[in-house]
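Numbering (my numbering), first residue to last: 47 to 500.
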Ligand code: 2M8
């Protein structure tokens with residue numbers, strides 16, 4: 047039933063069979079193969095270190111099969127938290143050779159920054175989905191050990207939120223801004239094209255570096271050299287000031303309020319409100335902050351004439367034009383007002399995203415009808431398991447189990463057909479990117495477990 051390469055994890059399950067047991071085994075084998083002493087790598091080839099939001103999704107998967115690993119995963123990530131509260135988007139494994147990933151620790155120079163941890167890390171963040179992950183892991187498998195782990199994590203999760211809500215509120219409107227497209231997790235989304243176009247860069251700069259990704263994945267599926275030249279230039283600007291956030295507004299080339307990052311920040315406050323009583327803390331302030339974040343999201347990122355949430359480019363002071371899947375993220379918020387919920391469901395069910403109770407194609411990462419929709423290129427069209435998972439949770443939250451079921455079937459179908467790939471062709475469902483990818487396996491376990499019949 048499952049196929050595999052000698053010594054490696056299995057790679058696919060007979061597409062027709064939909065044998066839930068085989069799918070589960072495939073997912074567990076993928077996570078096991080990516081486990082690395084105290085964390086799980088997203089991919090042995092493309093991403094051999096620890097990534098921040100990957101670890102949160104992966105912890106949810108571990109909670110279904112080896113709950114102690116869920117807590118170990120989160121604990122190892124938060125050991126690399128900076129003194130200011132930021133949780134770095136990459137924690138580098140010192141045992142790996144130089145050049146095993148670009149940009150590696152020698153590029154980031156985190157050790158020169160004040161308040162950086164002993165481990166080498168990047169200086170950026172990713173969507174703060176860790177508190178919801180911790181809450182789900184606890185709820186899935188509550189125990190004294192789990193409660194003790196939550197007690198240790200809680201102050202760190204609070205510090206992470208404080209960092210985002212204070213140092214990163216560059217726009218002053220109650221939302222956190224991202225200072226690099228990598229912070230969104232949707233690196234080369236068309237959402238970033240307008241703000242990125244204003245970053246001066248020359249693709250030839252990349253001749254000085256060796257990209258690691260294009261040695262392991264088709265270059266036509268990855269960001270371009272010009273994208274990378276801009277990524278490098280934005281990091282250089284932040285690194286020059288040792289990743290300080292004090293005068294970002296005046297000088298930093300990329301400052302954007304992202305709907306996904308801010309939705310995650312709001313969802314984190316909701317999760318902390320559930321965790322607080324378990325660890326002897328007051329849930330009240332979390333509830334208040336959650337309400338303020340939702341209100342700020344609607345005020346600053348919702349565009350009423352199109353009924354969409356879009357990122358706000360703080361440098362240009364306008365919403366970006368692209369309608370990407372990032373705009374569906376606020377559905378996750380339980381207190382999103384009914385008007386915005388209806389608008390997002392309409393957007394998701396439109397031909398742009400094709401959500402349905404019976405989906406004929408998977409949910410894409412970008413508007414299918416847009417001229418810059420690219421079915422093969424990374425975050426510019428392909429379907430991703432983590433985004434599907436978030437949208438599905440939002441649909442369940444807002445009373446649309448019919449649509450949530452359609453999305454769930456589509457997610458299961460993708461893995462049954464193609465294996466635990468990093469992302470999938472949005473028309474054919476063919477697997478793209480890394481073949482044995484951590485969060486795909488983890489979130490598959492979670493959606494499988496959600497079905498009493500599964
Ligand atoms: C991708 O991002 C990294 C940079 O952080 C890369 O392209 O090298 C993104 O898909 C990101 O969301 C993800 O966390 C990371 C590891 O899976 O890979």
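Here a beta-carbon is modelled for each residue, glycine too, at the ideal position from N, C-alpha and C.
These numbers come from a predicted model, not from an experiment.
Within 7 Å: the Cβ of residue i and any heavy atom of the ligand 2M8?
i	result
residue 151	no
residue 410	no
residue 169	no
residue 238	no
residue 42	Coverage of the chain is limited to positions 47 through 500, which leaves residue 42 absent and any answer about it impossible.
residue 298	no
residue 172	yes
residue 93	yes
residue 312	no
residue 228	yes
residue 135	yes
residue 99	yes
residue 400	no
residue 233	yes
residue 264	no
residue 271	no
residue 259	yes
Answer with buried or exposed for residue i, where buried requires no fewer than 16 other C-beta atoms within 10 angstroms of its C-beta.
i	result
residue 98	buried
residue 498	Residue confidence is low: residue 498 scores 45 on pLDDT, short of 50, so the model does not pin down where it sits. Its coordinate-derived value is still stated next. Exposed is the call here.
residue 366	buried
residue 49	Because residue 49 sits at a pLDDT of 36, beneath the cut-off of 50, its placement in the model cannot be relied upon, and the point is left open.
residue 191	exposed
residue 83	exposed
residue 246	exposed
residue 447	exposed
residue 63	Its pLDDT being 47, under 50, residue 63 is placed unreliably in this model, and the value from its coordinates should be taken loosely. With fewer than 16 Cβ atoms within 10 Å of its Cβ, residue 63 is classed as exposed.
residue 72	buried
residue 221	buried
residue 51	With a pLDDT of 38 at residue 51, under the threshold of 50, the predicted position of this residue should be treated as unreliable, though the coordinate-derived value follows. Its Cβ having fewer than 16 others within 10 Å, residue 51 is exposed.
residue 388	exposed
Is it the case that the Cβ atoms of residue i and residue j are separated by a distance below 8 Å?
i	j	result
residue 480	residue 69	no
residue 10	residue 176	Absent from the structure is residue 10, since the part of the chain shown begins at 47 and ends at 500.
residue 151	residue 166	yes
residue 465	residue 477	yes
residue 337	residue 381	yes
residue 121	residue 198	yes
residue 489	residue 425	no
residue 300	residue 225	yes
residue 233	residue 302	no
residue 239	residue 368	yes
residue 113	residue 126	no
I think residue i touches residue j, with their Cβ atoms under 8 Å apart; what is that distance to the nearest whole Å?
i	j	result
residue 376	residue 355	5 Å
residue 453	residue 437	6 Å
residue 258	residue 148	4 Å
residue 361	residue 227	About 14 Å; that fails the 8 Å criterion.
residue 459	residue 486	Contact doesn't hold; Cβ gap of about 13 Å is too wide.
residue 306	residue 401	Not a contact, Cβ separation roughly 17 Å.
Tell me which residue opens and which closes the alpha helix (DSSP H) that residue i is part of.
i	result
residue 172	Segment: none, residue 172 is in no alpha helix (DSSP H) and carries neither H nor E.
residue 150	Element bounds for residue 150: n/a, residue is neither H nor E.
residue 212	190 to 212
residue 386	384 to 395
residue 487	484 to 495
residue 106	98 to 111
residue 433	431 to 443
residue 312	305 to 321
residue 262	259 to 262
residue 73	66 to 80
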